Structures are given as structure tokens and as C-alpha cells.
Amino acid sequence: LQESIMRGERGMDTAWMPYMWPIKTCLWFGIIFLLIQGVSELFKSYYAATKGKWPGKK
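Dropping the structure here:
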């Protein structure tokens, strides 16, 4: 990502040649948020398996 910013890397596949660093940044944010969601689901499933009820349900 840092190298894309320093070089001014652009996508050559389209006519308008967008900068690549915003696309790569969004990709990294997506990966990080997906990992956080996966860990959250893992903890909720563990809680449900040990306590016998799903968290947040009354």
C-alpha cells in the first residue's frame, strides 16, 4: 500500500486509470473488519455452547 502511494500506481485496465491506493486501502479495511466479525462470531458461538443460550436473547 505504501509503495502504491509513493509510486502513484494506477490501474491500466480501464480508460480512466484510477489510483490504486484507495482501492487497496478499502480491501485492507474489508479484510480487517471480516476478521473482527469472525472473532466475534467465534466468541458468541462459544458462549452459546457453554451457557446453552444465545447471547442477547431473552
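Mapping of the sequence shown onto the working numbering: residues 8 to 65, in sequence order. Virtual Cβ for every residue (Gly too), placed ideally from N, Cα, C. In this text, all values refer to a predicted model and were calculated from it rather than measured experimentally.
With DSSP as the reference, identify every bridge partner of residue i, one or two as the case may be.
i: Tyr26; result: Arg17
Out of the options, which has the shortest C-alpha to C-alpha gap to residue i?
i: Gly15; options: Trp28, Leu34, Ala55, Ser52; result: Trp28
i: Ser11; options: Gly37, Ala22, Asp20, Tyr26; result: Tyr26
Does the Cβ-Cβ distance between residue i and residue j come in under 8 angstroms?
i: Leu49; j: Thr32; result: no
i: Tyr53; j: Pro62; result: no
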